[in-house]
Amino acid sequence: MGLTSAQVYQIKNTINERYGALMERMHEEAVQRCTDTRADANLVYESRVSSAVREIRALEAARARMAVGCLGRCSICEGSIGFDRLLADPAATRCEECEARQASGERAV
Ligand SMILES: [Zn+2]
Numbered sequence: 011m012g013l014t015s016a017q018v019y020q021i022k023n024t025i026n027e028r029y030g031a032l033m034e035r036m037h038e039e040a041v042q043r044c045t046d047t048r049a050d051a052n053l054v055y056e057s058r059v060s061s062a063v064r065e066i067r068a069l070e071a072a073r074a075r076m077a078v079g080c081l082g083r084c085s086i087c088e089g090s091i092g093f094d095r096l097l098a099d100p101a102a103t104r105c106e107e108c109e110a111r112q113a114s115g116e117r118a119v
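Pasting the structure below:
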């Protein structure tokens, strides 16, 4: 079952909100980095920024999937990811079952 246009719209808003929050965080980190003179300032900055960049990339990828109309398709089983899950995490690429299977597989290794 695909997403309705109202659902897509809601997810789009969630992506935009999160994107905005991440950019704000990046901005704050940059301001902080500029004034921080501690020896490990750059290390702290880089780890915080790289986690924000990772999230931004995932959101960009979700935007691209949305643009071509395949947001919400599981990358493993091609089934649908489900609106609630996407709303909670628009960057999700796997359905709940595949995610669970992946998680238990990773634990087993
Ligand atoms: Zn799946």
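For what it's worth, the numbering used here labels the leading residue of the sequence shown as 11, then goes sequentially.
Backbone N, C-alpha and C define an ideal beta-carbon position, used for all residues, glycine too.
Do you know how far the Cα of Y19 is from the Cα of G79?
12 Å
Exercise answer, beta-carbon shell around ligand 1 heavy atoms below 7 Å:
C84, I86, C87, G89, R104, C105, E107 and C108
Are there 16 or more other CB atoms within 10 angstroms of the CB of L53, so buried, or fewer, so exposed?
The residue in question, L53, is exposed, as its Cβ has fewer than 16 Cβ neighbours within 10 Å.
Run the CB neighbour count on C105, radius 10 Å, all protein chains shown included, and call it buried at 16 or more, exposed below.
buried
On the three-state DSSP scale, how would you describe S85?
coil
Close beta carbons around I86, own chain, < 7 Å, minus the five adjacent residues each side
R104 and C108
Within the continuous alpha helix (DSSP H) that includes D94, where are the two ends?
F93 to A98
Would you check if the distance between the CB atom of V59 and the CB atom of M33 is smaller than 8 Å?
no
Per DSSP, the bridge partner or partners of S114
DSSP, once it has assigned bridges, lists no residue as partnering S114.
Ordered along the chain, which non-local residues of its own chain (more than five positions away) have a Cβ less than 8 Å from that of T24?
Taking T24 as the centre and dropping the five residues before and after it, the same chain places the C-beta of L97 and P100 closer than 8 Å to its C-beta, in chain order.
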